[in-house]
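Engineer: Those sequence lines, one after another, are chains P and L.
Per our numbering, the first sequence starts with residue 4, numbered consecutively.
Per our numbering, the second sequence starts with residue 3, numbered consecutively.
Would you mind keeping the following structure in view while I ask a few things?
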Amino acid sequence: MAETMVEMKHITKRFGNFVANDDISLTIKKGEIVALLGENGAGKSTLMSLLSGLKKPSSGEILIKNKVVSLASPRQATQQGIGMVHQHFMLIDDFTVLENIILGDEKTKYGMIDRMGTRKTITDLAEKYHLQLDLDKKVSDISVGMQQRTEIMKTLYRDAEILIFDEPTAALTPQEIESLLVIIKRLASEGKAIFLITHKLSEIKEIADTCIVVRAGKVIGTVKVSETSTYMMAEMMVGRQISFAAEKVPTNQMRTVLELKRLVVQASKAVPSVNDVSFKIATGEILGIAGVDGNGQSELMEAISGLRKVSSGNIMLNDRDITKFKPRKTTQAGISNIPEDRQNVGLILPMSVSDNLILQDYYLSKNQSKGLLNKSKIHRDGQKLMSDFDIRADSILEPVGSLSGGNQQKVIITREISRNPDLLIAANPMRGLDVGAIEYVHKQILKQRENEKAILLVSFELDELLRLSDRIAVIHQGKIMGIVKTGDVTKQELGFMMAGQPIPTH
Amino acid sequence: MPNSSKLFKVLVPLTSVLAGLVVGAIVMAIFGYDPFLNYASLFTGALGDANAIGETLRELTPLILTALGFSIASTAGFFNIGGAGQALMGWMASVSFALNFSSLPHWLLLLGSIMAGALAGGIWAGIAGVLKAYLGTSEVITTIMLNYIALYLSSFLVKNFLAQDQSDFSKTIPEGARLRTPFLEHLTQNSTFNYGIIISLIMVIVVYFLIQRTKVGYEYRAVGLNDKAANYAGMNVKKVIISAMVVSGALAGLGGAVEGLGNYENIYVMTSLPDIGFNGMAVSLLASGNPIGIIFSGLLFSILKIGGLSISVVSTTPPEIVDIVIATIIFFVGINYVIKIGLEKLSKKKGEG
Ligand SMILES: Nc1ncnc2c1ncn2[C@@H]1O[C@H](COP(=O)(O)OP(=O)(O)OP(=O)(O)O)[C@@H](O)[C@H]1O
Ligand SMILES: [Mg+2]
Chain P
4 MAETMVEMKH ITKRFGNFVA NDDISLTIKK GEIVALLGEN GAGKSTLMSL LSGLKKPSSG
64 EILIKNKVVS LASPRQATQQ GIGMVHQHFM LIDDFTVLEN IILGDEKTKY GMIDRMGTRK
124 TITDLAEKYH LQLDLDKKVS DISVGMQQRT EIMKTLYRDA EILIFDEPTA ALTPQEIESL
184 LVIIKRLASE GKAIFLITHK LSEIKEIADT CIVVRAGKVI GTVKVSETST YMMAEMMVGR
244 QISFAAEKVP TNQMRTVLEL KRLVVQASKA VPSVNDVSFK IATGEILGIA GVDGNGQSEL
304 MEAISGLRKV SSGNIMLNDR DITKFKPRKT TQAGISNIPE DRQNVGLILP MSVSDNLILQ
364 DYYLSKNQSK GLLNKSKIHR DGQKLMSDFD IRADSILEPV GSLSGGNQQK VIITREISRN
424 PDLLIAANPM RGLDVGAIEY VHKQILKQRE NEKAILLVSF ELDELLRLSD RIAVIHQGKI
484 MGIVKTGDVT KQELGFMMAG QPIPTH
Chain L
3 MPNSSKLFKV LVPLTSVLAG LVVGAIVMAI FGYDPFLNYA SLFTGALGDA NAIGETLREL
63 TPLILTALGF SIASTAGFFN IGGAGQALMG WMASVSFALN FSSLPHWLLL LGSIMAGALA
123 GGIWAGIAGV LKAYLGTSEV ITTIMLNYIA LYLSSFLVKN FLAQDQSDFS KTIPEGARLR
183 TPFLEHLTQN STFNYGIIIS LIMVIVVYFL IQRTKVGYEY RAVGLNDKAA NYAGMNVKKV
243 IISAMVVSGA LAGLGGAVEG LGNYENIYVM TSLPDIGFNG MAVSLLASGN PIGIIFSGLL
303 FSILKIGGLS ISVVSTTPPE IVDIVIATII FFVGINYVIK IGLEKLSKKK GEG
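So this is what it looks like as C-alpha cells:
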C-alpha cells in the first residue's frame, strides 16, 4: 500500500456568503494521478489554491504525510513539497529559463549565485524526467509548451513531491499536449503525487488513476478511471446526458459575407505574418482555420477586426471594403470577435460582469442617453444574458476577475454572440469550458450558422474543427496551404498540411 | 462580508488617524512639549469658533478640487503630479481675466474668471496628455517639468505685466470677481470663507456622476484598467487619455481659481508651487480616489493645517515640530494599507476565538 501524501478533511471555503468548497474530503497517494472534474465554477481551482497556500480554508484541515500542516503562504506550501503549475503562467519574460527556475530559491556560493552547480542540478532533473528546456533562452522567446515545462521544472527544482496542474493543456497545441501527458505519467511513476484539473475527458481517461467529480463545491463521487467511461464521467459531472453529435443542417450559402483578397500583414518580423491570404466565407458557413500556434492565425484575426494594420490586399465585408477600418467601425459593420487572450484583451478583470457585458456597445442608444449610462436597463439586460448563457457568478456586480476561468470565457462568448453579428470571429472559444458549456456554445455557434451568419473559427482542436466547420483552411507560416471540405479530409491529412505540405490529392 | 468591508472602509482611515495622533503625541513628548495642550489648541484652532471653522472650510475648498483632478487622472490610469502647476496656471488666468475685464457685469466677470481658470489648468494638463497619447512620454516627467514652467512663467508674468511699480504682486481683483461675500464673512466672524465651496461641492457630485454613471467615465475606467481591452472595444484610447488629462487639469485649475478669487484676491510672485497641488494628491490617495471620501480626507488635511497654525501661537512649540506631527499623521494615514492588514488579522483572531 503506497504512502498517503495528502489528506484533506472536511474542507470548506467561503467567499462572503458564497460557498466555493463545501465539506470536501479527499486523499492522494504516492505515485497516484488524481483528476478533478467539474463544471465551470464548481470550485476546483479554489480547492487546489488552498493546497498551494494561495488561499486559506474557512474550515477543515489538511494533512501532509499524515501530519496536520498550516499552508498559509505559497512558501510554506513549497516547504511541504507542494508545487502548482498555474493555468496563467507566472514567469518573468525578460529572464532566462534558468533564472526563472531559480528565482526566489537561488543557491549561492561565496555570496554569488552558484550558476554552475544550479545548472547541473537542473540538467540532471531535466534528463530524469525528459523535460526538454533551453536554459539560456529568454522566456519571451520560447513556446507556450516550453514555458509550461519551465513551470514544471520550477516545482521539481524545489523538490516538490505533490504537483498540481490547473488546466495545463488548455493553452497547448495537440503535439504539446501529447508530450505533457507523457511527462506527467513519468512524474507519477517516479513517485510524485499529482492532481490534474482538466475539462478534457480523454486526458483523464489516458493518464489518471482516480477521478473526483465536483459539483457546486461538493464532491459528488470518486471513481476509478479504469472502471468507468468518459460518458459516465461527463454525465456525473453535469447531472444529465451530453450529446456531442452536433447536428449540422444544410444552410443557404448563397452570398459572400467575408472576402479576403491577397491579404498581407507584416508584423515586426521580416517575413510577413499573414502572407498573401485569400478566401471567402458565405452566409451560413463556418470556415475553420487549422494550424500550429504562431503561424499567423492571431495576426489574421486581428487584421480582420481592425486591431492590426494591413500591409496590402483587401478585406471585404458584405461587398464593402473594410480594410482600413478601426476596431469600432468593424464592430459597427457587423463583426464580433472572441479574442484568444481573454484576460488581457477580452475582459477588464477589475470591472463588473455587467460592465464587461456592455464593453462593445456601451455607447449605443439602448445603453445610454445624452452621455448618461442607463444602469438599470444595463443590469436588466445583463441579468438576462447571464441566465440565458448560464454564467455563474454571485452577482452581476461582481468583478469579472473573481469568476472561475470558464465563466470568464462565457462572459466574452455571451457578449460577442448576443450581438448577433454578420461575421463571428472566434479564437479557441472553448478553451477552459466544461463539456456541458462546450455543448451549449457549439449549439449557439450552429444557430448563428443556421441564421445565415458567417463564422471564422480558429481552433487547435482538430476534432472540434471537423465537427463544426463546413470547410477548413490550413495555415502554415502565414500562407494558406489549402482549403478543404470537412467531409473530404482526415485528421492525418490536416496534420500533414499543418506541417507545411501542400493539399493532398485524392 | 460585504457589511464588514463597508465598516472596514471607515475603520481603516479612523485607525490610521488615531495612530498618527498617538505617534505625533510621542514625538511632542520626546521633545518636551505638551501633546495634550497642543492637540487641544489644534482642534480649537481649526474648529473652535465660527471664524476657525470658516478658515478650515476655506482651506478645504481648493483641496477638494485639486484632489478631484488627481482622481480623474488616476481613474484613466495616469499619475498626474502636475496639479500644482495646473492650479497655478488656473490662478494666474482667473486673476488676469478679472483684472483685464473688470468692466464686465458682476456675474459675467465672476463666471468668466472661473472659466478662465479651468481652461488654463485644462490646457496645461492637456499638453502632458497629448505628449502621452502621441509620443508615449511618461506623464510623471512631463507634469513635473510643466510644474516648473508654470512656476517661473507665472513669476515672469506677474513681475512684467500684473505687478504695480516695484512690487511683486498684482492689483487686488475687482469687487465683481470676488468669491467672498459680506454674508459669509458675517456668518463666520470675518473669516475668508467664500462661495468657492459651492463650486467644490458641485464638482464632487459632477465627478462622482462622471466616473460612475456616464459613457465618458466608463471609457476612463476602461482605459485606466486595461488599455488593450479598451482598444479592442473600439475606444479611441488617445482621445480618452487627452480628455481625462484635460478634465483633470481643469479641476486643478478651478482649485487655483478659488485660491485667487476667494482667498488671496490677487496673484504674487511665488517662490514655490502652491501646496494645494501636492496636498490634493495626498487627499485623493487617502480617499482612494472616491469623490465623497475626498470631502472627508480634505477636511482632515484642512483641520491639521489651520489648527497647526494655532499650536505655535498658543505654545512655544516651534512650527517645525508642528509640521513633523502633521506629517506623521498623514504618514500613518498614507500607510493605511498596513493598518488594514493589521485590522484584518485582528478581526480574524476574534472571529476564530
Ligand atoms: N476571490 C473570489 N471572490 C469571490 N468568489 C470567488 C473568488 N474566487 C472564486 N470565486 C467563486 O468560486 C467559485 C469557484 O471558482 P473556481 O475558480 O474554483 O472554479 P473552477 O472549478 O476552477 O472553474 P473553471 O473550470 O471555470 O476554472 C466560482 O463561482 C467563483 O465565482
Ligand atoms: Mg479553474
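C-beta: ideal position from N, C-alpha, C; glycine also.
Under the criterion of a Cβ to heavy atom distance below 7 Å, does P:THR49 qualify as lining ligand 1?
Structural biologist: yes
Engineer: Distance, Cα to Cα, L:ILE337 vs L:ALA89?
Structural biologist: Approximately 27 Å between the Cα atoms of the pair.
Engineer: Can you confirm whether the stretch 219-236 of chain P touches the stretch 250-265 of chain P when touching is taken to mean that 3 or more C-beta pairs between the two stretches lie within less than 8 Å?
Structural biologist: Touching, no.
Engineer: From this set, L:ILE331, L:VAL12, L:LEU155 and L:VAL29, which residue's C-alpha is nearest L:ALA95's C-alpha?
Structural biologist: Closest by C-alpha distance to L:ALA95, out of L:ILE331, L:VAL12, L:LEU155 and L:VAL29, is L:LEU155.
Engineer: Taking all protein chains shown into account, decide if L:PHE33 is buried (16 or more other Cβ within 10 angstroms of its Cβ) or exposed.
Structural biologist: Around the beta-carbon of L:PHE33, fewer than 16 other beta-carbon atoms lie within 10 Å, marking it exposed.
Engineer: Would P:LYS354 count as contacting chain L if we go by Cβ distances under 8 Å?
Structural biologist: First, the residue type needs correcting, since residue 354 of chain P is Met and not Lys in the sequence shown. Closer than 8 Å to some Cβ of chain L, the Cβ of P:MET354 qualifies, so yes.
Engineer: My guess is that P:LYS531 and P:SER281 are in contact by the Cβ rule of under 8 Å, so how many angstroms apart are they, rounded?
Structural biologist: In this structure chain P extends from 4 to 509, so residue 531 of chain P is not present and cannot be described.
Engineer: Alpha carbon to alpha carbon, how far is L:ASN5 from L:ILE341?
Structural biologist: At L:ASN5, the pLDDT of 45 sits below 50, so the modelled position is not reliable and the matter cannot be decided from this model.
Engineer: Tell me whether the stretch 282-293 of chain L and the stretch 64-78 of chain L touch, counting them as touching only if at least three CB pairs, one residue from each stretch, are closer than 8 Å.
Structural biologist: yes
Engineer: Using only the heavy atoms of ligand 2, determine whether one of them is closer than 7 Å to the beta carbon of P:SER407.
Structural biologist: yes
Engineer: Indicate whether the contact test is met: 3 or more Cβ pairs, each with one atom in the stretch 343-356 of chain P and one in the stretch 393-407 of chain P, closer than 8 Å.
Structural biologist: yes
Engineer: Do P:GLN451 and P:LEU427 count as a contact pair if the criterion is CB distance below 8 Å?
Structural biologist: yes
Engineer: Beta carbons nearer than 9 Å to chain L: which residues of the stretch 390-421 of chain P have them?
Structural biologist: Of all residues in the stretch 390-421 of chain P, none has a Cβ within less than 9 Å of some Cβ in chain L.
Engineer: May I ask you to list, following chain order, the residues of the stretch 233-253 of chain L that have a beta carbon less than 7 Å from some beta carbon of chain P?
Structural biologist: ASN233, TYR234, ALA235 and GLY236
Engineer: At 3 residues or longer, and completely inside the stretch 235-283 of chain P: list those beta strand (DSSP E) runs for me, N to C.
Structural biologist: 259-268
Engineer: Could you please give the first and the last residue of the uninterrupted beta strand (DSSP E) stretch that includes L:SER314?
Structural biologist: Not the beta strand (DSSP E): L:SER314 falls in the alpha helix (DSSP H), residues 293-316.
Engineer: Measure from the C-beta of L:ASN228 to each C-beta in chain P and report whether the shortest distance is under 8 Å.
Structural biologist: yes
Engineer: Taking the alpha-carbon positions, what's the P:ALA38 to P:GLU170 distance?
Structural biologist: 11 Å
Engineer: Since P:ASN347 meets chain L, which of its residues come closer than 9 Å, beta carbon to beta carbon?
Structural biologist: ASN228, LYS230 and ALA231
Engineer: Can you name the residues of chain C whose CB is closer than 8 Å to the CB of P:LYS58?
Structural biologist: No chain C is present in this structure, whose protein chains are P and L.
Engineer: Which residue comes first and which comes last in the alpha helix (DSSP H) that contains P:ILE341?
Structural biologist: Taken as a continuous stretch (DSSP letters only), P:ILE341 belongs to no alpha helix (DSSP H), being part of the beta strand (DSSP E) at 338-341.
Engineer: Under 7 Å: does the beta carbon of L:ASP229 sit that close to some heavy atom of ligand 2?
Structural biologist: no
Engineer: By DSSP, does L:ARG182 sit in helix, in strand, or in coil?
Structural biologist: coil
Engineer: Which residues share a DSSP beta bridge with P:HIS479?
Structural biologist: P:LYS482
Engineer: Just list the residues that DSSP pairs P:ASN317 with in beta bridges.
Structural biologist: P:LYS264
Engineer: To the nearest angstrom, how far is it from the Cα of L:GLY355 to the Cα of L:SER349?
Structural biologist: Residue placement at L:GLY355 is poorly supported in this model, since its pLDDT is 35, which falls under 50; the coordinates still yield a value, given next. Whole-angstrom Cα-Cα distance: 10 Å.
Engineer: Whole angstroms is fine: what's the gap from P:ILE351's alpha carbon to P:LEU362's?
Structural biologist: 9 Å
Engineer: Can you pull the chain L neighbours of P:ARG331, defined as C-beta to C-beta under 9 Å?
Structural biologist: ALA235, GLY236, MET237 and ASN238
Engineer: Which residue or residues does DSSP assign as beta-bridge partners of P:VAL71?
Structural biologist: As computed with DSSP, P:VAL71 is found in a beta bridge with P:LEU66.
Engineer: Once you ignore the five residues that flank L:TYR197 on each side, which residues in its own chain have a CB closer than 8 Å to its CB?
Structural biologist: LEU181, ARG182, THR183, LEU186 and GLY264
Engineer: Considering only C-alpha positions, which residue in the set L:SER314, L:PHE171 and L:THR139 is nearest to L:ASN82?
Structural biologist: L:THR139
Engineer: Just the C-alpha distance for L:GLY353 and P:PRO60, rounded to the nearest angstrom, thanks.
Structural biologist: Residue confidence is low: L:GLY353 scores 49 on pLDDT, short of 50, so the model does not pin down where it sits. No coordinate-derived value is stated.
Engineer: Measuring only from the beta carbon, is P:ASP169 closer than 7 Å to any heavy atom that is part of ligand 2?
Structural biologist: yes
Engineer: Report the three-state DSSP secondary structure of P:PRO177 (helix, strand or coil).
Structural biologist: Under the three-state reduction of DSSP, P:PRO177 is assigned to helix.
Engineer: Assuming P:THR172 contacts P:LYS203 under a Cβ cut-off of 8 Å, what Cβ separation, rounded to an integer in Å, is found between them?
Structural biologist: 6 Å
Engineer: At which residue ranges does the stretch 367-435 of chain P contain complete alpha helix (DSSP H) runs of 4 or more residues, listed in the order of the chain?
Structural biologist: 378-391 and 408-421
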